[in-house]
Structure formats: structure tokens, C-alpha cells
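Trainee:
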Amino acid sequence: MPAFPEINRIAFEGPQSKNLLAFRHYNADEKVEGRSMRDHLRFSVVYWHTFRGQGADPFGPGTAVRPWDDGSNSVENAERRARVAFEFIEKLGAPFYAFHDRDVAPEGATLAESNKNLDAVVKVLLEEQARTGIRLLWGTANLFSNPRFMHGAATSPNSEVFAFAAAQVKKALEVTHELGGAGYTFWGGREGYQNLWNTNMPRELDHLAQFLHMAVDYAKEIGFKGQFYIEPKPKEPTKHQYDSDAAACLNFLRQYDLLDHLKLNLETNHATLAGHTMQHELEVAGSAGALGTIDANTGDLLLGWDTDQFPTDIYLTTQCMLSILKYGGLQTGGVNFDAKVRRESFEPVDLFHAHIGGMETFARGLKIAAAIRADGQLEKLLQERYASWDSGLGAEIEAGKHNFGSLEKIMLAKGEISGNRSGRQEMLENLINSYL
Ligand code: XUL
Ligand code: CO
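One gets my numbering by counting positions in the sequence shown from 1 and adding 14 to each.
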């Protein structure tokens, strides 16, 4: 029996459509800059929020109505839920999904039992992938919910916790490989600290690096060729997360010789929690050649935590797509909706509205970004701003032909610089608005 009997495959109906269960802008086959929108955006549905989120908050239990879910921790319930997930993703028309080991299958009393439960559900995922053609964008392991991870996983002061986490990631890598996953993500979970009086920071960082090297080695051993990602996030759940933003992650990866093996998975709400914009994080990662994939969501300007809302702001998605296109587009990565419906949006159909909104907002961002690039004015103005580096003194400096002594000589002779140009910020902001 279908879980969403009243919903057909969400169709592209064009900008004039008034149907709120249709796409007006996301037309999967339409080409933008010579690539289909499907391939540019590589939309992905997350299992944890969309199929496990109940809408609980610190003041009350879940509100979500999910008739297919009996609320039990049984493997049968998990298998049924997996089939529903694929019905949803297929009707939505997203080509990918992402999951944590413990949200697709229940954790057992022992590691062996958990592995067995996971294998049972992975069998269903494999069948459903074959039936629908939907693929796995990335897998990951939940190394933060179980109380054993209270002090962290790879950075725990307890070496047995490190060993348990290693065993869990080993299995998660195996099933990601079995499912043909395009990638594997490490989000820090509780890798960070609450208090420095009880924390040996350098030792914990060494352990985290050792853990990631073990993962890289094991991927080689089993022939897993997917891309590894590390997902920056500050503040939650620990006061200071080691992977707090893109720059911190890049520094860590470089210090421990991991930069060849991991790219970044950037999430909007994590960027804003870190006091950055998503555009800033995309530029930091992109300029280091490490822009891998994005977790698409948004926070709330008035709330200081990770609200994980669906993105609806076209200005934001235009910025995202401009940076993504600039750094060569998404290859192994995708636009992964790490977002949840609000507690008050408790009906199954709300899951469709939320994802349709996110997909539409990104489709518009993509088209607007492509229009900005095709027009070329922004790029031209940016180039002009740096024109003093294209010839004469600037070109000589860039070519390494100068030192402090030679530059002092030039400036002593000149006495003062010839003048600066306006940054034209407001004009450029107006220019961007003219494409929206
Ligand atoms: C947590 C978060 C995670 C990761 C995967 O804030 O974003 O769900 O995306 O572990
Ligand atoms: Co995320």
C-alpha cells in the first residue's frame, strides 16, 4: 500500500502553474550552461530528518503523523520505513539520498547485533535503489547519539570508545560501498570540548587525524572510491567543536596530511552559527580546491541555534550557485537537504511542500547565477578592480620580480600612490538585484 496515495510524481508545470505540488522552475532535463539541472543540483533527501524526525523539542514530544511508522525499534518497522522513503524520494524526483547507519536501522544490544540489523535494512535499500534508480549521495555513521559517545568518539579520552567508533565506521564504509555511495561524510558530532581543564587538545586532535587516516586506508583496502568529506560546524553539541568552520577544517586537514583525501561538506546553518555567510565558507573551501558538497538548509536570523530549516531565500541560493559554478560545479557532491519541517507542519504532505520549496529555490538560484555569469558585468567589474595587477608594477610583483628594497625605491621616487578606486558596493548590490 502506498504511503502517499494522494500524491503523484511531482511534475514540472512551468512558471505559470498555480499548483503548489508541482515545480515551476526545477525542470530536471533543462540545460543550464550545457548541463541538465538534475546534474547541476544533484538533489538529495536526508533520511534522518525526513524519515526519523518526529518534531520533538525540549518542551514537548514529537507531533509528526507518520502512519507507516509503528514507532517501534524493530527491524520490520525500519524495513517498511525504507520502502516509504523510496516512494517519497521517487515521487519527489530527487536522484539521491543520504543516511546515518543508526537512522536507517535500529541499534542492537551489541555491535554484532547492530551490524546484523543494518545488513537487513541495507538489503531493502539495495532493492529499492535498483527499482527506482535513486542513488546514495553519501553515507555516515552516528557517533554522537549513544551515551557511550558522551565525551566524543575519535577524540574521546577513553581508548575503547575510539575502538568502538572505528568498528562502527568500518561497517558504515562497507555498506556505503555496497550501496555504491558517491561519498562518505564525517561530521564531528561530539568531537570537541566543553572545558579545557579536563581536555588534552593536541592529543585529541592527533587521535582524530589517526582515525581519519584509518578510514582512508580502509577505503583503499575495500576498493571504495567515493569522496570523503568533513562537515564543519561550530558550537553544537560541544562548546567548541574542532571542525568549527571551513578554515579550521582546512588547517586541520593540511596539518595532518589529509587534504588529498577529504573535501568539505558545507552547511548553511553551520556557516551562520560560525559567524560567517555560506558564501564565505564556499569561497574558503573553493579557493583551496576543497569544495565537495553542500548540506542545504538555513537558520533563522532571530534564533542562535541550528534550526535546520528548508532554504527559501533566492538571494542565498544565488550566492551558493555562483560559488559552486565558479569552482567547477558539483561533481561527486550534491545539494543535500539537511533540513526538517517545523514541529507544527506535522502532516506527511508537508514533507513534499518543504522539499519542493528547497528544490525550487535552488533551481532559481542556479538560473540566476547562470544569467549573471552569461551577462559578464559582475566578472568584468571584478577584473577591473584588480587591473593594477595586470600590467606594470602589479604584474612585476606577482611575477616575483620585486622585494622590499626595490618597492621602497619606487615609492620614495613617487612620494604617494596615484589613487584608489571606489569599491562600488552599493552599485554591485543593485546589479545583483537586477537579475533576481
Ligand atoms: C548535524 C549535521 C549532521 C550531518 C551528518 O548538525 O548537520 O546531520 O550532516 O552527520
Ligand atoms: Co549536515
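Even glycine gets a Cβ: it sits at the ideal position worked out from N, Cα and C.
(1) Is E90 a contact residue of the ligand XUL, with contact defined as CB to any heavy atom under 7 Å?
(2) Given a threshold of 16 other Cβ atoms within 10 Å of its Cβ, counted over all protein chains shown, does F418 qualify as buried or as exposed?
(3) Assign S301 to one of three DSSP states: helix, strand, or coil.
(4) Keeping to the same chain, check which residues put their C-beta closer than 6 Å to that of R149; ignore five residues upstream and five downstream.
(5) Check whether the segment 171–183 and the segment 366–384 touch, using three or more Cβ-Cβ pairs below 8 Å as the test.
(6) Name, in chain order, the residues that DSSP records as bridge partners for N279.
(7) Check I148 in the structure and name its three-state DSSP category.
(8) Whole angstroms are fine: how far does the CA of L450 sit from the CA of S420?
(9) Here's a check: name, in chain order, each residue in its chain whose Cβ is nearer than 6 Å to the Cβ of V5, leaving out the five neighbours to either side.
(10) Do D322 and H54 count as a contact pair if the criterion is CB distance below 8 Å?
(11) Just how far apart, CA to CA, sit A134 and H114?
(12) Any heavy atom of the ligand CO within a distance shorter than 7 Å of the CB on D352?
(13) With the cut-off set at 8 Å, would you say T252 and R204 are in Cβ contact?
(14) With a threshold of 16 other CB atoms inside 10 Å of the CB of A288, please say whether the residue is buried or exposed.
(15) Which parts of the segment 100–165 are runs of the beta strand (DSSP E), unbroken and 3 residues or longer, counting only runs that do not cross its ends?
(16) Within the present structure, is the beta-carbon of K185 separated from the nearest heavy atom of the ligand XUL by less than 7 Å?
(17) Using CA atoms only, rank isn't needed, just tell me which of R80, F65, Q397 and G206 is closest to I103.
(18) Let me confirm a value: P325 is counted as buried when at least 16 other C-beta atoms fall within 10 Å, else exposed. Which label applies?
(19) Could you check which residue in G69, I21, G107 and L187 has the C-alpha nearest to that of D43?
(20) Verify whether the separation of the beta carbon atoms of L392 and L339 is less than 8 Å.
(21) At a cut-off of 7 Å, is K253 close to the ligand XUL when judged by its beta-carbon and the heavy atoms of the ligand?
(22) Report yes if the C-beta distance between Y207 and T199 is below 8 Å; otherwise report no.
(23) Can you name the start and end residues of the alpha helix (DSSP H) that W62 belongs to?
(24) Could you tell me the boundaries of the alpha helix (DSSP H) in which Y243 lies?
(25) Under a Cβ-count criterion, where at least 16 other Cβ atoms within 10 Å of its own Cβ denotes burial, should K381 be classed as buried or exposed?
(26) Buried or exposed for T312, please, with buried defined as at least 16 other CB atoms from any protein chain shown within 10 angstroms of its CB.
(27) Taking only runs that begin and end inside the segment 360–407, name each unbroken alpha helix (DSSP H) of 4 or more residues, in chain order.
(28) With DSSP run on the structure shown, which of helix, strand or coil describes F225?
(29) Candidates L407, R94 and Q439: which alpha carbon is nearest L396's?
(30) What number of angstroms, rounded off, separates the C-alpha of Q241 from the C-alpha of M425?
(31) Nearest to E27 by alpha carbon, out of E374, K423, M292 and S432?
(32) Measuring only the C-alpha atoms, how far is G347 from T291?
(33) Under a three-way DSSP split, which group does V355 fall into?
(34) Helix, strand or coil for Q323? Go by DSSP, reduced to three states.
(35) Please tell me whether N279 and Y243 are closer than 8 Å, where the distance is taken between their beta carbons.
(36) Can you determine whether any heavy atom of the ligand XUL sits closer than 7 Å to the C-beta of T199, and answer yes or no?
Mentor: Once the coordinates are examined:
(1) no
(2) exposed
(3) helix
(4) F110
(5) no
(6) T307
(7) coil
(8) 48 Å
(9) This structure leaves residue 5 out entirely; the chain is present only between 15 and 450.
(10) no
(11) 15 Å
(12) yes
(13) yes
(14) buried
(15) 110–114 and 149–154
(16) no
(17) F65
(18) buried
(19) G107
(20) no
(21) no
(22) no
(23) Y61 to R66
(24) Premise fails: Y243 lies in the beta strand (DSSP E), Q241 to E245, not in any alpha helix (DSSP H).
(25) buried
(26) buried
(27) 362–389 and 391–399
(28) helix
(29) Q439
(30) 49 Å
(31) E374
(32) 20 Å
(33) coil
(34) strand
(35) yes
(36) yes
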